[in-house]
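Data first, discussion second: the structure below is written as structure tokens.
Number of protein chains: 2
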Amino acid sequence: MGTPPAPEYQLEDQVGHLLRRAYQRHLALFQGIMGEDGPTSMQFAALVTLWRQGPLSQNLLGRGLAMDPPTVKGVVARLMARGWVTRHRDPADARLLRVALTPAAEAALPGWVDKARAITAATLAPLGPADAARVAALLRRME
Amino acid sequence: MGTPPAPEYQLEDQVGHLLRRAYQRHLALFQGIMGEDGPTSMQFAALVTLWRQGPLSQNLLGRGLAMDPPTVKGVVARLMARGWVTRHRDPADARLLRVALTPAAEAALPGWVDKARAITAATLAPLGPADAARVAALLRRME
DNA sequence: TGGCTATCGTTAGCCTGCAAACAATCGGCT
DNA sequence: AGCCGATTGTTTGCAGGCTAACGATAGCCA
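Going down the list, the protein sequences come from chains H and X. The first sequence begins at 6 in the numbering used here and counts up one residue at a time. The second sequence begins at 6 in the numbering used here and counts up one residue at a time.
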């Protein structure tokens, strides 16, 4: 018995490829359902975090979203440009930049959250409810 | 009985967030195991596809990898810069750009494939073998 | 033959993501 | 007071990813 032949390396079977494809499809659904006037996926994640937790420093915001500092900066800059967020130095600690929702964003958020639920449902649509719960549980363990 | 309260929208429970986090972790593992001298995740995917299928037009390559044309162009350009790929116009059809592996890439590929297997294993390490198979099957259905 | 349509690739512009190097500020400790 | 290390944010440079608009070529069909 010689060396067993190495099994073929099938790109389509690798988790990394599958994760990328599934996330890619999710992002396409996100954009399609949220529409041109809505936030992007990461912009929405930032807005919803500020909604639930109140004003945060860029750093804390980034930590909650698993975004590194340069990425946070870019997302916040685009949120400011869209008029959904303001940014002010914290008077008590001059290092911090407190990011806060604008009234316009607060008014729009309930509608966006509804769409976000639809996006989650669409992403999971190919699976039944039981498998949807299973995949979420498995992904959580992979983080 | 009024309107039932809408369940809280928990970002951390949304599939999109979980997919992003899992893919993020996978990419970090990829870079760590493949090292500075190795290809990036998408560069490796392109190389392995050319290895298995022979020279391909940019378009076909992109289709196999689920990459759109501008992204393929960028990846191929960086592969050329690294000396792992050449690009020539197809004499039979002047629209096509045939992308082919260089001998250097062919020589390095077996080692990279071994590392890629280790990366897949590391990504799935938090799950047992049964759950690893389960998550792959579920992700495939979500594509 | 001449033209129509489909395919292929490029460009420009935008968004997300990472690492590395850097400046400013804060806090504690001497 | 003065210094040092930790924290926060910025910049630069690179890699991937999408849309939209555009030029070039091929293939078919009238």
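The beta carbon of each residue, even a glycine, is placed where N, CA and C say it ideally should be. Note that the coordinates shown come from a computational prediction; the quantities given were computed from them, not determined experimentally.
Comparing the C-beta of residue i with each C-beta of chain H, is any distance below 9 Å?
i, result
"T45 of chain X", "no"
"G7 of chain X", "The pLDDT assigned to G7 of chain X is 49, lower than 50, so where the model puts this residue is not dependable; a value taken from the coordinates is nonetheless given after this. With 9 Å as the cut-off, G7 of chain X does not count as an interface residue toward chain H."
"R139 of chain X", "yes"
"A112 of chain X", "no"
"L144 of chain X", "yes"
"L104 of chain X", "A quick correction: the sequence has Val, not Leu, at residue 104 of chain X. No, V104 of chain X lies away from the interface with chain H (no Cβ there is under 9 Å from its Cβ)."
"R122 of chain X", "yes"
"V53 of chain X", "yes"
"D136 of chain X", "yes"
"A50 of chain X", "yes"
"L61 of chain X", "no"
"T91 of chain X", "no"
"T125 of chain X", "yes"
"A97 of chain X", "no"
"A71 of chain X", "yes"
Give a yes or no on whether the minimum CB-CB distance between residue i and chain X is below 9 Å.
i, result
"E148 of chain H", "yes"
"R68 of chain H", "no"
"I38 of chain H", "no"
"Q19 of chain H", "yes"
"L65 of chain H", "no"
"R57 of chain H", "yes"
"P74 of chain H", "no"
"V118 of chain H", "yes"
"A151 of chain H", "Because chain H here runs from 6 to 148, residue 151 of chain H falls outside it and cannot be looked at."
"L16 of chain H", "yes"
"L132 of chain H", "yes"
"L129 of chain H", "yes"
Out of the options, state which residue places its alpha-carbon closest to the alpha-carbon of residue i.
i, options, result
"G59 of chain X", "X:A27, X:P74, X:V90", "X:V90"
"A105 of chain H", "H:Q36, H:W56, H:A97, H:A127", "H:W56"
"L65 of chain X", "X:R139, X:R103, X:L23", "X:R103"
"A112 of chain X", "X:G43, X:L34, X:H22", "X:G43"
"P28 of chain H", "H:A86, H:G40, H:S46, H:R68", "The identity of residue 28 of chain H in the sequence shown is Tyr, whereas the question assumes Pro. Out of H:A86, H:G40, H:S46, H:R68, H:S46 has the C-alpha closest to the C-alpha of Y28 of chain H."
"T76 of chain X", "X:Q48, X:G37, X:D136, X:R122", "X:Q48"
"R87 of chain X", "X:A130, X:G37, X:L52", "X:L52"
"T54 of chain X", "X:I38, X:E41, X:A71", "X:A71"
"L84 of chain X", "X:L101, X:A127, X:R122, X:A50", "X:A50"
"F5 of chain X", "X:L132, X:A121, X:E148", "The structure shown does not extend to residue 5 of chain X, since chain X is modelled only from 6 through 148, so no value can be given for it."
"A97 of chain X", "X:A127, X:R26, X:S62, X:I124", "X:S62"
"L136 of chain X", "H:A123, H:M147, H:R92", "Checking the sequence, you will find Asp at residue 136 of chain X rather than Leu. Minimum Cα distance to D136 of chain X is reached at H:M147."
"A179 of chain X", "X:R30, X:R25, X:L23, X:A99", "For residue 179 of chain X there is no data in the structure shown, the boundaries of chain X being 6 and 148."
"R68 of chain X", "H:P134, H:A123, H:T125, H:R26", "H:R26"
"L101 of chain H", "H:P74, H:A123, H:A109, H:G37", "H:P74"
"L132 of chain X", "H:R139, H:G133, H:E41, H:P134", "H:R139"
"I124 of chain X", "X:A99, X:A109, X:H93, X:G40", "X:G40"
Worksheet item: Considering only residues of the stretch 79-139 of chain H, which uninterrupted beta strand (DSSP E) runs meet the minimum length of 3 residues and lie entirely inside it, listed in chain order?
Response: Those beta strand (DSSP E) runs which fall completely within the stretch 79-139 of chain H and span 3+ residues are 90-94, 102-106.
Worksheet item: Fully enclosed by the stretch 37-62 of chain X, which alpha helix (DSSP H) runs are 4 residues long or longer?
Response: Fully enclosed alpha helix (DSSP H) runs of 4 or longer: 46-58.
Worksheet item: Are the stretch 113-123 of chain X and the stretch 136-146 of chain X touching, with three or more C-beta to C-beta distances below 8 Å?
Response: No, they do not touch.
Fill in: Residues from the stretch 22-34 of chain H in contact with chain X, defined by Cβ distance under 9 Å
Taken in chain order, the members of the stretch 22-34 of chain H whose beta-carbon sits within less than 9 Å of a beta-carbon on chain X are H22, L23, L24, R25, R26, A27, Y28, Q29, R30, H31, L32, L34.
Practice prompt. Please determine if the stretch 76-94 of chain H and the stretch 18-25 of chain H are in contact, where contact requires at least 3 C-beta pairs separated by less than 8 Å.
Written response: No, because fewer than three Cβ pairs between the stretch 76-94 of chain H and the stretch 18-25 of chain H fall closer than 8 Å, the two stretches do not touch.
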